[in-house]
Every structure is written in structure tokens, then in C-alpha cells.
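Going by the working numbering, the first residue of the sequence shown is number 1, and it counts up by one from there.
Ideal placement from N, C-alpha and C gives every residue a C-beta, glycine not left out.
On a predicted model such as this, the values are computed, not experimentally measured, just so you know.
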Amino acid sequence: VLVTGRILYLKMTSAVLFFVAFILWVTFSLAWTTNRDPFNDWITWVSLAVIFIAILDCIKTKRQLRAIAIGYLTGTLISVTRIVNAGPVIDGDQIGERVTVVGNVNVNYLAYAIATGFALVVLLWVTGKRSKLGRLALVITAAALFVGIWISDTRGAYAGIICALIWVVVWA
1 VLVTGRILYL KMTSAVLFFV AFILWVTFSL AWTTNRDPFN DWITWVSLAV
51 IFIAILDCIK TKRQLRAIAI GYLTGTLISV TRIVNAGPVI DGDQIGERVT
101 VVGNVNVNYL AYAIATGFAL VVLLWVTGKR SKLGRLALVI TAAALFVGIW
151 ISDTRGAYAG IICALIWVVV WA
């Protein structure tokens with residue numbers, strides 16, 4: 001849509017309308033924010049919306065959707081490896097406390113992204129071939145994602161897992 005100039009061909013799905021409403025909310029919230037540099041946050045959210053809509057427009061087949069999901073899960077597994085390698089904090093009084101930063105990334109945001117991976121595991125589970133190796137890879141991936149969230153000890157990510165489980169039960 002954005003790259004090819006086909007803006008009139010964009011389907012106004014509920015996801016697109018949600019992002020438009022969200023960007024409007026973020027824009028209006030700049031009026032009362034106490035953040036000293038709200039423009040950078042606004043640019044981040046608008047960029048995310050543009051990327052989302054571009055990807056939504058590019059995915060035309062189930063195979064393309066599965067390729068995006070596999071790429072995302074690969075990235076989350078790399079992130080889990082980074083969290084595991086960071087280990088618990090060993091610094092004076094904070095021995096055994098949870099990891100708060102991995103590299104220069106807030107571990108809470110990283111855990112939210114990892115929790116999103118559970119939805120993609122479900123997507124791959126229901127859209128993929130029924131091979132034992134594929135199912136085993138998804139189970140191992142889900143276990144690794146859970147380990148990453150457990151080490152991060154992020155309540156929001158736990159809530160994300162619960163939402164994914166509820167989603168699986170409701171749509172089963």
C-alpha cells in the first residue's frame with residue numbers, strides 16, 4: 001500500500017481501524033503527557049503502525065504468513081538466548097534478582113515480544129503440516145519462550161500467556 005502507492009486499495013479491517021484509533025489516541029495524549037520528549041514516542045508508534053499496515057498488505061497467502069511467523073519466532077528464540085546468557089543480576093545486594101536490561105533493551109518490552117510468540121506458535125500449529133517433527137519443534141519453541149518469560153519475571157508477559165491460552169480455548 002505505502003510502497004506501491006495503492007493506498008486506495010487498503011482494506012479497512014478491524015485491525016487497521018484499531019491502529020488508526022490507537023495512533024489518534026497517542027497523538028491526542030501528547031497534550032497531557034509529562035514525558036519530556038513525547039515526539040520520539042509518537043514517532044515510534046506511528047512507525048510501528050506503518051510497518052504493521054505494510055506487512056498486513058504484503059501478506060497474501062498462508063505460506064507468506066507462516067514465513068513471517070517463523071522469522072518472528074526465530075528472533076524471539078535469539079532474544080531468549082540473550083536473556084538466559086544475561087542470567088540473574090550478581091551485583092552486591094541484588095544477587096539473584098531478575099534481569100532488568102539485556103544489552104540496551106528493557107527486559108519488560110522484550111518479554112512482551114516473547115509472549116507474542118505464543119500466538120504465533122498457535123498459528124503455526126493450526127496452519128502447518130501435521131508432522132511429528134514440526135509439532136516437536138513448536139513444543140520446544142513454546143518451552144523456550146516460557147523460559148525466557150520466566151527469567152524476565154514480567155507480569156505483563158505472564159498476562160499475555162494467559163490471554164493466549166484463553167484464545168486457544170475459545171477458538172478450539
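Alpha carbon to alpha carbon, how far is residue j from residue i? Give it in angstroms, no decimals.
i, j, result
"Met-12", "Asn-85", "43 angstroms"
"Thr-116", "Phe-28", "27 angstroms"
"Leu-48", "Leu-120", "18 angstroms"
"Gly-134", "Ile-140", "10 angstroms"
"Ile-166", "Ile-114", "17 angstroms"
"Trp-42", "Val-26", "7 angstroms"
"Ala-67", "Thr-33", "39 angstroms"
"Leu-123", "Ala-142", "12 angstroms"
"Ile-161", "Arg-155", "10 angstroms"
"Ser-152", "Val-105", "12 angstroms"
"Leu-30", "Phe-39", "8 angstroms"
"Ala-157", "Ala-164", "10 angstroms"
"Val-107", "Ile-70", "22 angstroms"
"Thr-44", "Asp-37", "12 angstroms"
"Leu-56", "Gln-64", "11 angstroms"
"Trp-150", "Val-80", "10 angstroms"
"Phe-18", "Lys-132", "37 angstroms"
"Lys-60", "Val-20", "21 angstroms"
Please state the DSSP three-state secondary structure of residue i.
i, result
"Asp-57", "helix"
"Ala-31", "coil"
"Asp-37", "coil"
"Arg-82", "helix"
"Arg-63", "helix"
"Thr-13", "coil"
"Lys-129", "coil"
"Thr-76", "helix"
Nearest to residue i by alpha carbon, out of the options?
i, options, result
"Leu-24", "Ser-79, Val-46, Ile-51", "Val-46"
"Phe-118", "Val-107, Gly-148, Ala-21, Val-16", "Gly-148"
"Val-50", "Val-16, Gly-71, Leu-65", "Val-16"
"Ile-78", "Val-168, Ala-144, Trp-171", "Ala-144"
"Tyr-112", "Thr-76, Val-126, Cys-58", "Thr-76"
"Leu-110", "Leu-73, Phe-52, Thr-127, Val-170", "Leu-73"
"Arg-168", "Phe-22, Trp-125, Arg-82, Ile-59", "For clarity, residue 168 is Val in the given sequence; the question names Arg instead. The residue with the shortest Cα to Cα distance from Val-168 is Trp-125."
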